[in-house]
Amino acid sequence: MFNGFCLLEVVYEPADKIWSTKGEVQEKAKKEYIEALKILESELGNKPYFGGDNFGFIDIAMTGYYMWFEASEKCGNFSIEPECPTLMASAKRCLQRDSVVNSVPEPEKIVEFAFKIRKIYCV
17 MFNGFCLLEV VYEPADKIWS TKGEVQEKAK KEYIEALKIL ESELGNKPYF
67 GGDNFGFIDI AMTGYYMWFE ASEKCGNFSI EPECPTLMAS AKRCLQRDSV
117 VNSVPEPEKI VEFAFKIRKI YCV
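In the numbering used here, the protein residues as written are 17 to 139.
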């Protein structure tokens with residue numbers, strides 16, 4: 017929980033604005049997104065996974081968000097890694113697992129979909 021909200025909601029809303037807006041609104045959304053990701057990174061600490069040395073439930077749940085990082089970066093023209101290097105390393109580790117690779121869409125498909133969302137919003 018973060019300020020009474022599920023942290024993943026705090027991550028999702030700014031991400032949605034990154035894909036669907038531009039200008040000052042998008043810039044504000046990028047800052048909010050990074051701040052939420054920094055909270056996740058602080059919870060991760062120096063562990064390879066949220067479950068410590070083992071890929072666990074929280075990591076599985078986070079994979080749904082990790083898949084969208086590249087799309088958010090491309091739509092918003094920014095990079096998450098300089099602000100959240102440990103979280104990005106964990107995300108890459110999770111997304112490279114065979115069980116994940118075989119279960120999620122290819123990253124390029126997600127980026128394409130994100131740009132379709134931008135088109136719908138006329139951005």
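Even glycine gets a Cβ: it sits at the ideal position worked out from N, Cα and C.
Only a predicted model underlies this, so the values are computations on that prediction, with no experimental measurement involved.
CA-to-CA distance, residue j to residue i, given in whole angstroms
| i | j | result |
| --- | --- | --- |
| GLU29 | PHE94 | 17 Å |
| LYS135 | THR102 | 32 Å |
| SER36 | VAL139 | 7 Å |
| PHE131 | CYS91 | 7 Å |
| TYR49 | SER88 | 10 Å |
| PHE66 | THR79 | 11 Å |
| ILE76 | GLU51 | 22 Å |
| VAL41 | CYS100 | 22 Å |
| GLU86 | GLY72 | 22 Å |
DSSP-derived helix/strand/coil call for residue i
| i | result |
| --- | --- |
| TYR65 | strand |
| LYS44 | helix |
Whole-angstrom C-beta distance between residue j and residue i, which should lie under 8 Å
| i | j | result |
| --- | --- | --- |
| VAL27 | TYR81 | 6 Å |
Residue ranges of each alpha helix (DSSP H) within the stretch 68-99, 4 or longer: Qualifying alpha helix (DSSP H) stretches, in chain order: 73-82, 85-92.
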